[in-house]
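Some notes on the structure that comes next.
Protein chains: 2
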Amino acid sequence: MARTKGDHEARRREVSEAVWRVLAAQGFGGLTLRAVATELGATTGLLTHYFPAKRDLVRHALDLLDARTTSRPRRAGGPGLAAVRAALLDILPLTPEATASNRIWVSSWDTALADPGLSEDHAARYARGRARLAALIATAQERGELPAGDPGRLAAGAQSFALGLVVQALLGPADFPPERQRELVDDYLAALATPAAPEASATPEASEAPEAPAAGS
Amino acid sequence: MARTKGDHEARRREVSEAVWRVLAAQGFGGLTLRAVATELGATTGLLTHYFPAKRDLVRHALDLLDARTTSRPRRAGGPGLAAVRAALLDILPLTPEATASNRIWVSSWDTALADPGLSEDHAARYARGRARLAALIATAQERGELPAGDPGRLAAGAQSFALGLVVQALLGPADFPPERQRELVDDYLAALATPAAPEASATPEASEAPEAPAAGS
DNA sequence: TAATAGTCATAACGCTTGTTGTGTGAATGG
DNA sequence: CCATTCACACAACAAGCGTTATGACTATTA
């Protein structure tokens, strides 16, 4: 052996970090081996030494980003609804690091949508996040801070809201600065927290079927 | 002149439709001139005859998709809150056509995020949608179907919710069939429709600053 | 110290890409 | 009816891509 085995994995991590930097700056359309090598201050020979093919390079970089995202130090939010709020804020691009991560994930959707296997990976990732959120929501409900309702369904709604806000903030950072993102999260949670009044009569189930020629839009 | 001028623009539209088909199937990563030509049953010579460069090809296809999306027949939703609901449902991938369109837009974010100019185009597009939504929300408020509040802010929240739901539905269609998407929209609107109770005390502004080492996540 | 195995640069390979040039047939205008 | 112009197919181009082969250098092991 020429070196310790720990160095090998450490080097693969450094390579993956260079992949992140290229992806955050140029997206998948600009992700080439030569670009990663330049970003790393090395040549493509190094890359092929640690990864047999580009596909493996990208997969390892995304796996590592996922692991780092899920295991990072979370925002402290106290118990109950405050924890839900903290979890949502943790998703948003409120810091440069979170912006870079989100930018990579958003970019990866292009590739993922063209490959059913990758789509499933993404779907599974978001399902995990939804489960975490549902647990926090259930706790908030037990504490009486949120009205009753299927926690999984509420979590799906909250996650959709956060995900869409991520996209808006990335595409139009001027329109969605951190302060505005927090405002919108608080608006959303405030709306959730109010008990449902049965007088809300604007979602008539009878208009479900004949409302439009659905297949023709 | 060899042909009438109308045919020329019609042919460019046919080409753009082939671009849509390739994008919906393979994403931007698989968008090559040869793929478009094959999809069209022609050669790259045709493409270069109608578009000087690939960049123009893509831009025209996206411009046309945008125009077709904004001018398509909208779901009838009646006045007030029902119109808001219809507008949100119009965004979602509830039909194959809407799925294909949304898939293209989601894929385009990768390219857009790498180019500030394109990002601005997208931001402007979503700002327009937000303005439309805000007008509908204001009407619903006048009718007493939604509580008071800045319509633009409510529209931003609703648009984020819809956009995130689009992403979830595209990546995990099994988890988000049309029926579930409608449920979630109705959940969201029901939460909006209930007047805000001032007792909701789970968003303490005092914890804003010291809640976490924000830059270190 | 000699043999070995990991690390990486260098250079070249074949392939695909966007682009360009040339040529042909059909339609139009004078 | 001839000249022109449009609408393409076809073929070739240079550039850039992922991948592979080779070799030099270094650190470890026996």
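Chains as they are written, first to last, in the working numbering: chain A, 114 to 330; chain B, 114 to 330. Glycine residues also receive a C-beta, built at the ideal position from the N, C-alpha and C atoms.
Looking at the C-beta of residue i, does it have a partner C-beta in chain A at a distance below 9 Å?
i        : result
B/ASP169 : no
B/PHE164 : no
B/GLU233 : yes
B/GLU296 : yes
B/ALA304 : yes
B/LEU267 : yes
B/GLY158 : no
B/ALA287 : yes
B/GLY262 : yes
B/ALA131 : no
Could you tell me whether any Cβ in chain B is nearer than 9 Å to the Cβ of residue i?
i        : result
A/LEU178 : no
A/ARG245 : no
A/ARG293 : yes
Which value, in whole angstroms, describes the spacing of the CA atoms of residue i and residue j?
i        : j        : result
A/ARG287 : B/GLY154 : Reading off the sequence, residue 287 of chain A comes out as Ala, not Arg. Between A/ALA287 and B/GLY154, the C-alpha separation is close to 43 Å.
B/GLY277 : A/LEU175 : 21 Å
B/LEU246 : B/ALA237 : 14 Å
B/THR212 : A/VAL279 : 20 Å
B/LEU302 : B/ARG198 : 7 Å
B/PRO209 : B/PRO291 : 11 Å
A/GLY262 : A/PRO308 : 10 Å
A/GLU127 : A/ARG295 : 33 Å
B/LEU159 : B/THR151 : 11 Å
A/ALA275 : B/ALA253 : 24 Å
A/ILE217 : A/ALA248 : 27 Å
A/VAL298 : A/LEU201 : 8 Å
B/PHE141 : B/SER220 : 7 Å
B/ASN215 : B/ALA137 : 9 Å
B/LEU207 : A/GLN281 : 21 Å
B/ARG134 : B/VAL149 : 8 Å
A/PRO230 : B/GLY257 : The question names Pro, but residue 230 of chain A in the sequence shown is Gly. Approximately 47 Å, taken between the alpha carbons.
A/TYR239 : A/ALA225 : 13 Å
B/HIS121 : B/ARG187 : 29 Å
A/ALA315 : A/SER184 : In this predicted model, A/ALA315 has a pLDDT of only 45, less than 50, meaning its place in the structure is not dependable enough to derive any value.
A/ASP234 : B/GLU255 : 45 Å
A/ARG124 : B/ALA271 : 44 Å
A/PRO165 : A/GLU130 : 18 Å
B/LEU178 : B/ASP169 : 14 Å
A/GLY242 : A/ARG172 : 20 Å
A/ASP223 : A/ILE204 : 20 Å
B/ALA180 : A/GLY285 : 21 Å
A/THR156 : B/LEU259 : 60 Å
A/PRO192 : B/ALA244 : 37 Å
A/ALA304 : B/LEU144 : 42 Å
A/LEU146 : A/HIS162 : 12 Å
For a contact defined as C-beta to C-beta under 8 Å, what are the partners of residue i on chain A?
i        : result
B/ARG216 : LEU226
B/ASP120 : Those within 8 Å of B/ASP120 in chain A number zero; the least Cβ separation is about 27 Å.
Run through chain A and tell me which residues come within less than 9 Å of residue i, C-beta to C-beta.
i        : result
B/GLY143 : ALA227
B/ALA128 : According to the sequence provided, residue 128 of chain B is Val. The question's Ala does not apply to it. Per Cβ cutoff of 9 Å: no residues; B/VAL128 is ~21 Å from chain A at best.
Residue i touches chain B at which residues, Cβ-Cβ below 8 Å?
i        : result
A/GLN139 : ALA227
A/VAL219 : TRP222, ASP223 and LEU226
A/GLN272 : GLY277 and GLN281
A/LEU284 : TRP222, ALA225, LEU226, SER232, HIS235, ALA236 and TYR239
Is the beta carbon of residue i within less than 8 Å of some heavy atom of the ligand NAD?
i        : result
B/TRP222 : The ligand NAD is absent from the structure shown, which contains no ligands of any kind.
Quick check on the DSSP output: what are the complete alpha helix (DSSP H) runs of length 4 or more inside the region 193–266 of chain A, in order along the chain? 194–204, 209–226 and 229–255
Any beta strand (DSSP E) of 3 or more consecutive residues that is wholly inside the region 143–202 of chain B: none
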